[in-house]
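Structure, as structure tokens:
Residue numbers (the numbering used here), protein chains in the order written: chain U, 1 to 52; chain X, 53 to 451.
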């Protein structure tokens, strides 16, 4: 039960970070930060899609 | 600061790239769950699942196939286990060769080629292991998974800081809680790995197994190598078999199962059942700490340039097995396992004439070296021609 709750909290946080990173990717004018955001997105997308 | 159209286009391209990267990684990751097809040979008379002996395993991700090779003539029963450690390919492939080639003339063979099936669904994180390797056969390339030593975290999580073995109370590092060969005799209501060990012990008891042979590999620098490790009740069988192997020119060491090292098949199955328990070890360069590249060629060819260098230093005392430019090919390691298994069956039958187990069709070391591993692995065409089951449980996708 505790693990189930933690699982969904974790997924919610990961999903929120994905949204923030996508916003950053589209709006930031620094190409280095855009590339960093794209790289950080890869494992987060896997996490949110429950690829494990 | 709001981005210009150019930055947004660049961001969109990067987003697309990230999604493509995630898709590729996800696909490769999911393919680790796909089981290689096995092609039961003419000697297989039934295919069961381990959950028939321990129903709690059903649907747990740890259930696995039990192949029965029954001669129909009274005799002993021998259990051959491969894949207890899925990162030790010769043990697993040797069990596959047994179920695809062996024909039992007297007694029974039970073969569990993927003892820890959960371990086959992942690789050891950070070890840079290839996900699979292929062996050329007369029916085309056969691929096999190279798995993890441990049960997949997806099936058993989290690890404790300290693993306390039941029932001995032995303490080991936390990750060992997912090591099947530290979990015997297991517990009915324990962790998934303990439940798997318990199910295998139940199989031994229910089928009245006389002899258990667990097939393993170890690093070339590990002191116990090319060895038969025997529970004290199995030492006579092991001693006779080791002598026979040495007569054939195959160097094998006889090692006693330590009394104080718990959780291993040869110790716990020997202590908790009537069966004689043994474990075989061959040297696998892919497993060692000194290895170089983690590529399928090293798994199959057994030639690693770092081990080649290690074999020459410190007066050639670093490695515990001879190692030269010929490497330690998988065919040779599988041949050691099958030769040792044949010698053990012979020794057991000699010492227990009331319960003999006689097998034909199983290649020995010299046959495997001459014809190669591919000559003894079956394929789709054989299976189709003989109407045999190719995928006993399930296969989702072929990589």
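C-beta: ideal position from N, C-alpha, C; glycine also.
Original post:
Whose CA, out of X:236, X:153, X:72, X:182, lies closest to the CA of residue 428 of chain X?
Top reply: X:153
Subject >> Those runs of the beta strand (DSSP E) which lie wholly inside the region 194 to 276 of chain X and span at least 3 residues >> reply: 214 to 216, 223 to 225, 263 to 270
**OP:** With DSSP as the reference, label residue 154 of chain X as helix, strand or coil.
**Re:** coil
Original post:
Taking the C-alpha atoms as reference points, what is the distance between residue 281 of chain X and residue 264 of chain X?
Top reply: 12 Å
Original post:
Quick one: is residue 442 of chain X near chain U, going by C-beta distance under 8 Å?
Top reply: Residue confidence for residue 442 of chain X is low, a pLDDT of 49 falling below 50, so the modelled location carries little weight and cannot support an answer.
Subject >> chain U residues whose Cβ lies nearer than 8 Å to that of residue 67 of chain X >> reply: 22, 25, 26, 38, 41
Subject >> One or two residues paired with residue 133 of chain X in a DSSP bridge >> reply: X:164, X:266
Original post:
Are any of the Cβ atoms in chain U nearer than 8 Å to that of residue 73 of chain X?
Top reply: yes
Subject >> Three-state secondary structure (DSSP) of residue 451 of chain X >> reply: Any reading at residue 451 of chain X must be qualified, since the residue scores a pLDDT of 40, below 50, and its modelled position is unreliable; the value itself is stated next. Looking at residue 451 of chain X - three-state DSSP - the assignment turns out to be coil, as it is neither helix nor strand.
Original post:
Out of curiosity, what's the CA-to-CA distance linking residue 21 of chain U and residue 14 of chain U?
Top reply: 10 Å
Original post:
Rounded C-beta distance between residue 397 of chain X and residue 145 of chain X? I'm assuming under 8 Å.
Top reply: Their Cβ separation, rounded to whole angstroms, is 19 Å, which puts residue 397 of chain X and residue 145 of chain X out of contact at 8 Å.
**OP:** Please report how far the alpha carbon of residue 66 of chain X lies from the alpha carbon of residue 346 of chain X, in whole angstroms.
**Re:** 30 Å
Subject >> Cβ neighbour criterion (16 or more within 10 Å) applied to residue 168 of chain X >> reply: buried
**OP:** With DSSP as the reference, please indicate the residues paired to residue 119 of chain X in a beta bridge.
**Re:** X:99, X:163
Subject >> Where residue 46 of chain U meets chain X, residues with beta-carbon distance less than 8 Å >> reply: 74, 77, 78, 81
Original post:
Who pairs with residue 184 of chain X in a beta bridge, going by DSSP?
Top reply: X:197
**OP:** Within its chain, find whatever has a CB closer than 6 Å to the CB of residue 271 of chain X; leave out the 5 residues flanking it on each side and keep chain order.
**Re:** 339, 340
**OP:** Would you kindly work out how many angstroms separate the C-alpha atoms of residue 101 of chain X and residue 107 of chain X, rounded to a whole number?
**Re:** 10 Å
Original post:
Say the cut is 7 Å; is the CB of residue 269 of chain X nearer than that to a heavy atom of the ligand HEM?
Top reply: As far as ligands go, the structure on display features none, and thus does not contain the ligand HEM.
**OP:** Please list the partners that residue 35 of chain U has in chain X, where partner means a Cβ-to-Cβ separation under 8 Å.
**Re:** 66
Original post:
Using 8 Å as the limit for Cβ to Cβ distance, is residue 59 of chain X near chain U?
Top reply: yes
Original post:
What residues in the region 198 to 216 of chain X have a beta carbon less than 7 Å from any beta carbon of chain U?
Top reply: 206
Original post:
Which residues of chain U have a Cβ atom closer than 7 Å to the Cβ of residue 62 of chain X, listed in chain order?
Top reply: 31, 34
Original post:
Residues of chain X with CB under 9 Å from residue 49 of chain U, in chain order?
Top reply: 74, 78
**OP:** Measuring only between beta-carbons, confirm whether residue 70 of chain X sits less than 8 Å from chain U.
**Re:** yes
**OP:** Using a threshold of 8 Å, state whether the C-beta atoms of residue 207 of chain X and residue 114 of chain X are closer than that.
**Re:** yes
Original post:
Between residue 60 of chain X and residue 29 of chain U, what straight-line distance do the alpha-carbon atoms span, to the nearest angstrom?
Top reply: 9 Å
Original post:
Where does residue 365 of chain X land, buried or exposed, given buried means 16+ other C-beta within 10 angstroms?
Top reply: exposed
Subject >> 4 or more residues per run - each alpha helix (DSSP H) lying fully within the region 312 to 390 of chain X >> reply: 317 to 324, 348 to 353, 357 to 362
**OP:** State yes or no: is the beta carbon of residue 105 of chain X nearer than 8 Å to at least one beta carbon in chain C?
**Re:** Protein chains in the displayed structure are U and X, and chain C is not among them.
Subject >> Integer Cβ distance of residue 332 of chain X from residue 267 of chain X, believed to fall under 8 Å >> reply: 5 Å
Original post:
Would you say residue 446 of chain X faces chain U, with C-beta separation under 8 Å as the test?
Top reply: The predicted position of residue 446 of chain X is uncertain, since its pLDDT is 42 and thus under 50; no value can be drawn from it.
**OP:** Can you tell me which of the three DSSP states residue 88 of chain X falls into?
**Re:** coil
Subject >> Distance between residue 122 of chain X and residue 96 of chain X (C-alpha atoms, nearest Å) >> reply: 7 Å
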